[in-house]
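Undergrad:
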Amino acid sequence: MAKRADPLAAYNAKRDFTRTAEPAGTLAKGKGNALVVQKHDATRLHWDLRLEVDGVLKSWAVTRGPSLNPDDKRLAVRTEDHPLAYGDFEGVIPAEEYGGGTVMLWDRGTWAPIKGKSAADLDKGHLHFIANGERMQGEWLLIRLKPRGKEKRENWLLRKIADAHAGGSDALVETALTSVKTGRTMREIAEGKHLPGTGRGTARAARGGGGGPQAKRTRRPRSPFAGGAQPLQLATLVDSVPAGNGWLHEVKYDGYRALIETGDGDARIFTRSGLDWTDKFPGIAEAFAAIATPARIDSEIVALKDGRPDFSTLQDAISNGGEMLCFAFDLLEADGEDVTGLPLVQRKERLRALLPASDARIQFAEHVVGAGEKLFEAMCAEGYEGIVAKRIDAPYRAGRTKAWLKVKCTRRQEFVIVGWQPSKARGRPFASLLLALHEDGGLRYAGKVGTGFDADTQQAIAAKLERLARKTAPVEAPSAAVRGAHWVTPRLVAEVAFAEFTGEGVLRHASFVGVRSDKPANEVADEVRAEPPAELPVRITSPDRVIFPDDGITKRELADYYAAVAGIALPWIGNRPISLVRCPQGRARKCFFQKHDAGSFGDHVHHVDIREKDGGTGPYLYVRDMAGLLACVQMGTIEFHGWGAGIADVEKPDRLVFDLDPDEGLGFAEVKKAAVHLKDVLADIGLASFAMLSGGKGLHVVVPLTPEAEWPAVKSFADRFARALAAAEPDRYTATMSKAKRKGRIFIDWLRNQRGSTAVLPYVVRARPGAGVAAPVSWTELGDINTPTRWTLRDAAALVERAGSSTLAGWGAARQTLPDL
């Protein structure tokens, strides 16, 4: 019988074990399911994925590291089998040896093929497996690419399967910076530094989020957002309720989405973006803490007004300790078991049994199967936001899916067409129709509609409009809103669906339904005049004042923008001392900073007393909610700049910001390269960082901090870090503000990291031509962005969608403290 070939022969042949500390390749018996990932800085940086199969570690070099984004397909080059002992190796391979460079033990755990599959599938060119590492978790897929020519190695692709552990492209490789074995960074390993302790309890591991096996929980449940994962399933907006008994239907509650972790007599409440808001909902946390079973529950926290959920009432309850309740609608985990793969109806039944029946603060979200249209009509009639339809047999999958559909209540009625605005798009005869209603014996301008048309409908309407053309306007309308309009005699009637009227009687979120020929134009009037919109709780005066003259953007549009993005902006702007850039006459006129307030902003803008340099105290501004943002806009604010600390403890910063400000002769490409360089240097010392387009001419590199160090230490670190970079590459960087010394270089502005200084905050509109927005971006996508003003005020919907997507999952979140330099 032929002797079996040594699977480690290639491994041993490549190495001189008298020169390298790597273990010799000898076969050993293991448990059969080890998973190891080693970060390897050799010829180029990569991550070595190793899976135990038949007594060896099958290995792939993943060039950009594992990604939690299911849309990413990472190249994984098959390498030689490694011995099981290699799974514990960390150190430096001599430069002249094979694979010379620094090796970090980046992840470890176990793996298993999914049900019905096996490790033998590798010989077929694929492997579908479950990872249970400290960082890699959930379903993954390895697929071999078709061989090309005389390739020397097998090329495979590694991809994350969409599940509760999916997340952003950068969520692992850009934030998990330390060894799970020793807590060291790559630089510390390369320098041979030894830290006290070898597990998760080391200081370095606490900064970078890596370490050994997870300690037994003694106080609080773990965070479901560890490693940047985005565990929540999101619904897709549709126009109609799906039919059939394959769907169950729930009320769409007007509150805060919450993922709740229970266990060990405690509970934690996380927002959709991963923020720990347990302290904002103490009563809800207390109620869930009574659930002894460790569980992960998807829910919505609401406050009631007249028996219905009301978001404004909820905001007031959070601020003033009012009554709240929680509707629990799904179960992700129970007593250590992942139940996301079960059908929805089974998960809900298990959830129902888990919830206490005696505490009114926790409510099970009831549902109906089929009959969704009746529920929808009833909810709309009662003033609810709408319903959510869910496939009864679908598993729980993170991210936006079509297994969950949301249908919102909208209004619909007829309007008189009084004109149209031309379109720049070829083949499209108009961009929007201008609408009016009969009121008090005349016509009242009611806004415009620019969506809902197909090509044939547009052509048919254009032909009718041409026959009704006139030179004068049949209605008075804001000049900024109807610039370039073509007017028509008001005879055509259009049916339009819309969300509501604004306080000025103008349509919001309008969509064209059809032309109505069965109703005379002179009978078209407002059927029911809506109250001022809930999302604009502050009255905006002079709404049609143009504040961006080059772009025709009005004060109302600015207010609409901040109302639309309040949910994604307030985590960064809210409860933080702020300075406002106020431009009462528009951005082209005089603008000024304001940080104090004597009360002129009203009750929605709050004050925190902060000690000044002269020993006195000053009332610094801060906002808590959308009303606060809009109150500032009403007072002429365009930009919001914030301290690097929250109002809870203004002396302990929770972030660092390095503003990369280029000389006028440098392009944005150079700024992007500099930002990536800073990111890499920060990673070398164990700090995860995030990129943000400034909306002006540069980039910000943002470093979140656990608020422990005080301002002098943070300022000193930022100063020394920036000056060290400038000293290392003096032709590229400067750490001084002087314009003369910036010639041909990039100023690393570290001065924002001192007490009292501010930096522009995420999702803030800049008071510059074009109304660019300070927008978070992932490091992965930064390379394809060519301008720091990629998004503007008019991109509110896209920014909101991005904020909840896998692209930005985990952006700005990292538990880390300042390292010693």
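The working numbering numbers the first residue of the sequence shown as 596 and each following residue consecutively.
The beta carbon of each residue, even a glycine, is placed where N, CA and C say it ideally should be.
Source: prediction; values computed, not measured.
(1) Could you tell me the distance, in whole angstroms, from the CA atom of residue 687 to the CA atom of residue 651?
(2) Which class does residue 1090 belong to by DSSP, given the choice of helix, strand or coil?
(3) Can you pull the DSSP bridge partners for residue 962?
(4) Quick check on the burial criterion: 16 or more other C-beta atoms within 10 angstroms. Buried or exposed for residue 882?
(5) Work out the CA separation of residue 934 and residue 949 for me, nearest whole Å.
(6) Tell me which residues share the same chain as residue 602 and place their Cβ nearer than 6 Å to its Cβ, disregarding the 5 neighbours each side in the sequence.
(7) Is the segment 1341–1351 touching the segment 1296–1316, taking contact as three or more C-beta pairs under 8 Å?
(8) Taking residue 1025 and residue 1053 to be in contact with their CB atoms under 8 Å, please state how far apart those CB atoms are, rounded to whole angstroms.
(9) Grab me the residues of residue 791's own chain with a C-beta within less than 6 Å of its C-beta, minus the 5 sequence neighbours each way, in chain order.
(10) Relative to the C-alpha of residue 835, which candidate in 971, 1146, 1141 has its C-alpha closest?
(11) Does the separation of the CB atoms of residue 869 and residue 1408 fall below 9 Å?
(12) Measure the beta-carbon distance from residue 1205 to residue 1356 and round it to whole angstroms, keeping in mind my assumption that it falls under 8 Å.
(13) Could you check which residue in 1038, 931, 932, 1269 has the C-alpha nearest to that of residue 1121?
(14) By how many angstroms is the C-alpha of residue 1338 removed from the C-alpha of residue 932?
(15) Near residue 618, what residues of its chain come up, given a Cβ to Cβ distance below 7 Å and the 5 sequence neighbours on each side ignored?
(16) In the DSSP assignment, what residue or residues form a beta bridge with residue 723?
(17) Determine the direct distance from the alpha carbon of residue 1394 to that of residue 1345, and round the result to whole angstroms.
(18) Around the C-beta of residue 813, are 16 or more other C-beta atoms found within 10 angstroms, so that it is buried, or is it exposed?
(19) Within its chain, find whatever has a CB closer than 8 Å to the CB of residue 787; leave out the 5 residues flanking it on each side and keep chain order.
(20) Between residue 1016 and residue 1104, is the Cβ-Cβ spacing less than 9 Å?
(21) Within the continuous beta strand (DSSP E) that includes residue 1236, where are the two ends?
(22) Which residue comes first and which comes last in the alpha helix (DSSP H) that contains residue 881?
(23) Using only CA atoms, which one of 1364, 1305, 1387, 1258 lies nearest to residue 1333?
(24) Flag this pair as yes or no: are the beta carbons of residue 1140 and residue 1197 separated by less than 9 Å?
(25) With DSSP as the reference, please indicate the residues paired to residue 1287 in a beta bridge.
(26) Just to confirm, are residue 983 and residue 847 a CB contact at a threshold of 9 Å?
(27) Are the beta-carbon atoms of residue 758 and residue 728 separated by less than 9 Å?
(28) Is the Cβ-Cβ distance between residue 714 and residue 657 less than 9 Å?
(29) Please return the same chain residues whose Cβ sits closer than 6 Å to the Cβ of residue 623, not counting the five positions on each side in sequence.
(30) What's the call for residue 745, buried or exposed, on a 16-neighbour Cβ count within 10 Å?
(31) Would you check if there are 3 or more beta carbon pairs closer than 8 Å linking the segment 748–766 to the segment 666–673?
(32) Quick one: grab the DSSP three-state call for residue 1185.
(33) Which whole-angstrom value is the C-beta distance of residue 635 and residue 704, which I expect to be below 8 Å?
(34) So, at 7 Å on beta carbons, what are the nonlocal neighbours of residue 1126 in its own chain, with the 5 sequence-adjacent residues on each side left out?
(35) Rounded to the nearest angstrom, how far is the Cβ of residue 1359 from that of residue 1368, given a contact under 8 Å?
(36) Does the beta-carbon of residue 1071 have 16 or more other beta-carbons within 10 angstroms, so that it is buried, or is it exposed?
TA: With the given structure in hand:
(1) Stepping through the sequence shown from its first residue, residue 687 is reached at position 92. Stepping through the sequence shown from its first residue, residue 651 is reached at position 56. Taking the straight line from one Cα to the other gives about 22 Å.
(2) Position 495 of the sequence shown, counted from the start, is the residue given in the question as residue 1090. In the three-state DSSP reduction, residue 1090 falls in the strand class (E or B).
(3) Start at 1 with the first residue of the sequence shown, and residue 962 comes out as number 367. Per DSSP, residue 962 has no beta bridge partner at all.
(4) Counting from one through the sequence shown, the residue named residue 882 turns up at place 287. It counts as buried.
(5) Taking the sequence shown and counting its residues from 1, one reaches residue 949 at position 354. Taking the sequence shown and counting its residues from 1, one reaches residue 934 at position 339. When rounded, the distance between both Cα atoms is 13 Å.
(6) Taking the sequence shown and counting its residues from 1, the one referred to as residue 602 is at position 7. For residue 602, where only same-chain residues beyond five positions count, the Cβ hits under 6 Å are 651, 676.
(7) Put simply, the segment 1341–1351 touches the segment 1296–1316. At least three CB pairs are less than 8 Å apart.
(8) Mapped onto the sequence shown, residue 1025 falls at position 430. Mapped onto the sequence shown, residue 1053 falls at position 458. Yes, residue 1025 and residue 1053 are in contact; Cβ-Cβ is about 7 Å, under 8 Å.
(9) Here residue 791 corresponds to residue number 196 of the sequence shown, with the count starting at 1. With a pLDDT of only 44 at residue 791, under 50, the local geometry of the prediction cannot be trusted, and no value is derived from it.
(10) Within the sequence shown, numbered from 1, the residue matching residue 835 stands at position 240. Of 971, 1146, 1141, the residue nearest in Cα terms is 971.
(11) Taking the sequence shown and counting its residues from 1, one reaches residue 869 at position 274. Taking the sequence shown and counting its residues from 1, one reaches residue 1408 at position 813. Their beta carbons are under 9 Å apart, which means residue 869 touches residue 1408 by this criterion.
(12) Translated into the one-based positions of the sequence shown, residue 1205 becomes position 610. Translated into the one-based positions of the sequence shown, residue 1356 becomes position 761. Not a contact, Cβ separation roughly 18 Å.
(13) Stepping through the sequence shown from its first residue, residue 1121 is reached at position 526. When only C-alpha atoms are compared, the closest one is 1038.
(14) Sequence index remark: in the sequence shown, residue 932 carries index 337 (1-based). Sequence index remark: in the sequence shown, residue 1338 carries index 743 (1-based). One C-alpha to the other measures close to 60 Å.
(15) Walking along the sequence shown from the start, residue 618 turns up at place 23. Setting aside the 5 residues that flank it on each side, residue 618 is surrounded in the same chain by 678, 680, 681, 684, each with a C-beta closer than 7 Å to its C-beta; the list follows chain order.
(16) Position 128 of the sequence shown, counting from 1, holds the residue named residue 723. The partner list for residue 723 (beta bridge, DSSP) reads 736.
(17) If you number the sequence shown from 1, residue 1345 lands on position 750. If you number the sequence shown from 1, residue 1394 lands on position 799. In a straight line, the C-alpha of residue 1345 is about 27 Å away from that of residue 1394.
(18) As a working mapping, residue 813 is identified with position 218 in the sequence shown. Confidence in residue 813 is poor, its pLDDT being 33 and thus under 50, which makes the residue's placement unreliable; the coordinate value appears in the next sentence. Classification of residue 813: exposed, given that the 10 Å Cβ count is below 16.
(19) Walking along the sequence shown from the start, residue 787 turns up at place 192. Around residue 787: 687.
(20) Within the sequence shown, the letter at position 421 stands for residue 1016. Within the sequence shown, the letter at position 509 stands for residue 1104. Cβ distance not < 9 Å, so residue 1016 and residue 1104 don't count as in contact.
(21) The residue given as residue 1236 occupies position 641 in the sequence shown. Note, residue 1236: beta strand (DSSP E), 1232–1237.
(22) Taking the first residue of the sequence shown as position 1, residue 881 is located at position 286. Counting along the chain, the alpha helix (DSSP H) containing residue 881 begins and ends at 877–884.
(23) Here residue 1333 is taken as the residue at index 738 of the sequence shown, counted from 1. Ranking the options by Cα distance to residue 1333, first place goes to 1258.
(24) Counting from 1 along the sequence shown, the entry for residue 1140 is found at position 545. Counting from 1 along the sequence shown, the entry for residue 1197 is found at position 602. Result no, Cβ atoms of residue 1140 and residue 1197 do not sit closer than 9 Å.
(25) The sequence position of residue 1287 within the sequence shown is 692, counting from 1. Beta-bridge pairing links residue 1287 to 1295, 1371.
(26) On the sequence shown, position 388 is the one that residue 983 refers to. On the sequence shown, position 252 is the one that residue 847 refers to. Yes, Cβ-Cβ distance for residue 983 and residue 847 is below 9 Å.
(27) The residue labelled residue 758 in the question sits at position 163 within the sequence shown. The residue labelled residue 728 in the question sits at position 133 within the sequence shown. Contact: no.
(28) Position 119 of the sequence shown, counting from 1, holds the residue named residue 714. Position 62 of the sequence shown, counting from 1, holds the residue named residue 657. Not closer than 9 Å, so no.
(29) Working through the sequence shown from its first residue, we reach residue 623 at position 28. Once the five neighbours on either side are set aside, the close Cβ partners of residue 623 are 679.
(30) To locate residue 745, count along the sequence shown from 1; it is residue 150. Per the 10 Å Cβ criterion, exposed.
(31) yes
(32) Mapped onto the sequence shown, residue 1185 falls at position 590. Note: residue 1185 maps to coil in three-state DSSP.
(33) Along the sequence shown, read from residue 1 onward, the residue named residue 635 stands at position 40. Along the sequence shown, read from residue 1 onward, the residue named residue 704 stands at position 109. That belief does not hold up - the Cβ atoms of residue 635 and residue 704 are roughly 18 Å apart, past 8 Å.
(34) The count along the sequence shown starts at 1 and reaches residue 1126 at position 531. Any reading at residue 1126 must be qualified, since the residue scores a pLDDT of 32, below 50, and its modelled position is unreliable; no value is offered.
(35) For the purposes of this step, residue 1359 is identified with residue 764 of the sequence shown, where counting begins at 1. For the purposes of this step, residue 1368 is identified with residue 773 of the sequence shown, where counting begins at 1. Correct: roughly 7 Å between the Cβ atoms.
(36) Within the sequence shown, the letter at position 476 stands for residue 1071. Per the 10 Å Cβ criterion, exposed.
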